[in-house]
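Enquirer: Counting along the sequence shown from 1, when you hit position 272 you're at 272 in the UniProt record's numbering, and nothing is skipped either side. Before I ask anything, let me first share the structure, which is written out below as structure tokens.
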Amino acid sequence: MALDRRIVELYDEYTHKPLDRRSFMNRLIAIAGSAAAAEAALALLEPNYAQAQQVQADDARIEGKRIDETVGGVRLKGYLVTPKAQAKRGGVLVIHENRGLNPHIEDVTRRAALAGFTALGVDFLTPLGGTPADADAARALFPQLKPEDVVSQGRAALAFLKSRPDATGKVGAVGFCWGGGAVNDLAVSAPELNAGVVFYGRSPDLSKVSQIKARLLIQHAARDTRLVEGLPAYETALKAAGINYQAIVYPDVDHAFHNDTSAERYNAAAAKLAWERTVAFLAAETGAA
């Protein structure tokens, strides 16, 4: 049985706004009716990394490693995964949610490599000491990130991907939630970006949309009113600037519908379709040398 919508919306508020754990739990218990019911609901909402690994780290078709590089004076730490098949490939930067470079995003990075890309999941919390193991501790760090540091790390990652001997020279980025907003900001600030895929991410500064050079695929959840209501203004700016883009709103799904670590919000059918569209879009824009 689906959870009370008020619980899903409260969890969305908790993960995106300054709402401490104690206040969240008190409100959750009030809606759920008891502490036991609240804990049961939370088990369906909070990430379970162990149950959602679609591509194992030891998959024989790919090779992954940790990187710690300095590119253009910017420290770049992350998880690099490549297909073992020898070929020229497009590079894809995978940008995490507001919980940092965690096992779920590492799994998505492996999925991107399995789809034929050189995939790099960057830890954008590196300037603040890196992603902590505790998800709430990670989330608390994001307001401290400087926007210019996010863009500089993103551009360093794109340069790293473009410079590889197996690179086509074309690069894309895909981001989720906070990472979706980061893709939008990178599109504004990085003319070298060829393609950007936004999963339920906030819009960029609309006054700077005309600076975008990349093609964009923007994917939102219909129940994610916080972001869907802002989409028309973004589309108006994109159209006025002549930007090549596609925006898709998936019906009857929640924010984070692609994240299979959250049983309640994940929608397998929509996630599969959105990922297929993502792979096809990135392949078309980054695959040719």
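Using N, Cα and C, we set each Cβ at its ideal position, and we do this for glycine too.
I'd like to know whether the C-beta atoms of Arg164 and Ala135 end up nearer to each other than 7 Å.
Expert: Contact: no.
Enquirer: Under the rule that 16 or more other beta-carbon atoms within 10 Å means buried, what is Ser189, buried or exposed?
Expert: buried
Enquirer: In or out: Gly242 buried (at least 16 other Cβ within 10 Å) or exposed?
Expert: Its Cβ having fewer than 16 others within 10 Å, Gly242 is exposed.
Enquirer: Grouping DSSP H, G and I as helix and E and B as strand, with all else coil, what is Pro83?
Expert: strand
Enquirer: Excluding the 5 residues flanking Ala2 on each side, which residues of the same chain have their C-beta closer than 8 Å to its C-beta?
Expert: Excluding residues within five positions, the ones whose Cβ falls inside 8 Å are Glu264.
Enquirer: Contact defined as beta carbons within less than 8 Å: I believe His96 pairs with Asn259. What is the distance between those atoms, to the nearest angstrom?
Expert: No, His96 and Asn259 are not in contact; Cβ-Cβ is about 11 Å, not under 8 Å.
Enquirer: Tell me the rounded alpha-carbon separation between Lys77 and Asp123.
Expert: 6 Å
Enquirer: Hey, out of Tyr245, Lys208, Asn26 and Glu229, whose CA is closest to Ala195's CA?
Expert: Closest by alpha carbon: Tyr245.
Enquirer: For Asp4, which residues in the same chain have their Cβ closer than 7 Å to its Cβ, ignoring the five residues on either side in sequence?
Expert: Ile31
Enquirer: In the DSSP assignment, find the beta strand (DSSP E) that holds Ile212 and state where it starts and stops.
Expert: Note, Ile212: premise wrong, no beta strand (DSSP E); not H, not E.
Enquirer: If I measure Cβ to Cβ from Ala182 and keep anything under 6 Å in the same chain, skipping five residues before and after, which residues do I get?
Expert: Ile95, Val150 and Gly175
Enquirer: Comparing C-alpha positions only, which one of Tyr234, Gly201, Glu229 and Thr225 sits nearest to Ser207?
Expert: Tyr234
Enquirer: Between the segment 46-64 and the segment 280-288, can you find at least three pairs of beta-carbon atoms closer than 8 Å?
Expert: Judged by Cβ distances under 8 Å, the segment 280-288 makes no contact with the segment 46-64, as fewer than three pairs qualify.
Enquirer: If Leu217 sits next to Val197, beta carbons under 8 Å apart, how far is it from one beta carbon to the other, in whole angstroms?
Expert: 5 Å
Enquirer: Three-state secondary structure (DSSP) at Phe176?
Expert: When DSSP states are grouped into helix, strand and coil, Phe176 belongs to the strand group.
Enquirer: Please classify Pro251: is it buried, with 16 or more other beta-carbons within 10 angstroms of its beta-carbon, or exposed?
Expert: exposed
Enquirer: Taking only runs of the beta strand (DSSP E) that begin and end inside the segment 220-283, which ones reach a length of at least 3 residues, in chain order?
Expert: 245-250
Enquirer: Please determine, among Arg223, Leu114 and Phe160, the residue with the shortest C-alpha to C-alpha distance to Lys170.
Expert: It is Phe160 whose Cα lies nearest to the Cα of Lys170.
Enquirer: What is the DSSP secondary structure of Ala119, reduced to helix, strand or coil?
Expert: strand
Enquirer: What are the boundary residues of the alpha helix (DSSP H) that Leu93 is part of?
Expert: No alpha helix (DSSP H) contains Leu93, which is instead part of the beta strand (DSSP E) from Arg89 to Ile95.
Enquirer: Please report the residue range of the beta strand (DSSP E) in which Thr70 lies.
Expert: Bounds of the beta strand (DSSP E) holding Thr70 are Ile62 to Val71.
Enquirer: Report yes if the CB atom of Gly72 is closer than 7 Å to the CB atom of Ala187, and no otherwise.
Expert: no
Enquirer: In chain order, what residues of the same chain lie with their CB nearer than 8 Å to the CB of Leu273, ignoring the 5 residues before and after it?
Expert: Tyr250
Enquirer: State the Cα-Cα distance for the pair Gly179 and Ala35, rounded to the nearest angstrom.
Expert: Linking Gly179 to Ala35 through their CA atoms gives a straight-line distance of about 33 Å.
Enquirer: With C-beta atoms as the reference, is Val74 less than 7 Å away from Arg110?
Expert: No, the Cβ-Cβ distance between Val74 and Arg110 is not below 7 Å.
Enquirer: First and last residue of the alpha helix (DSSP H) that includes Phe142?
Expert: Per DSSP, Phe142 belongs to no alpha helix (DSSP H) and is neither H nor E.
Enquirer: Which of the three DSSP states, helix, strand or coil, is assigned to Leu42?
Expert: helix
Enquirer: Would you list the one or two residues that DSSP bridges to Ala167?
Expert: Per DSSP, Arg89.
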